[in-house]
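Okay, structure first, notes after.
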Amino acid sequence: MTDIDYGLWAHGYNGYTRLAGGPEQLGAVIAPLREAYRATGEIPEWAGVDLLRGWAFLLVRAHRHGGGWRPLPEEFPEIVAIAEAVDRHRAATDDDRPLRLR
């Protein structure tokens, strides 16, 4: 999945309007998902498409506000796992998937 523009894909979903009102609120919504990933190294099966897209959005915003000096997948390698989980998710639509996976 190296030819995916993860930043473009993640910015295509506004987690602030779809899930929570701002970065702190979105971080709180996504926290259980991130904690489960940190503990196991895997995306939890219970994660829905909107939570996954919101998590990707939060990462790309953090990357941008942090200066974006390194490539997004290098700074936040979980973005690759998130994109793959969205692609596999039975409720995902073509609009949810990263462009290369369509």
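In terms of this note's numbering, the sequence shown has 93 at position 93, counting the first letter as 1, and numbering is strictly consecutive. Even for Gly, the Cβ is constructed at its ideal location relative to N, Cα and C.
Query	Result
Between the region 6-22 and the region 52-59, can you find at least three pairs of beta-carbon atoms closer than 8 angstroms?	yes
List in chain order: all unbroken alpha helix (DSSP H) runs of 4+ residues lying wholly within the region 17-80.	23-40, 49-65, 72-75
Put Gly-12 into one of helix, strand or coil per three-state DSSP.	coil
Rounded to whole angstroms, how far is the Cβ of Pro-44 from the Cβ of Ala-36, which I believe are closer than 8 angstroms?	4 angstroms
Have a look at Ala-10, Arg-97, Leu-52, Asp-95 and flag the residue whose alpha-carbon is nearest the alpha-carbon of Arg-61.	Ala-10
By alpha-carbon positions, which one of Ile-79, Gly-22, Glu-74 ends up nearest to Glu-42?	Ile-79
Of the choices Pro-98, Ala-92, Leu-99, Thr-40, whose alpha-carbon is the least far from that of Val-49?	Ala-92
Please go through the same chain and pick out, in chain order, the residues whose beta-carbon is closer than 7 angstroms to the beta-carbon of Leu-19, but skip the five residues on each side of it.	Leu-26, Val-29, Asp-50, Gly-54
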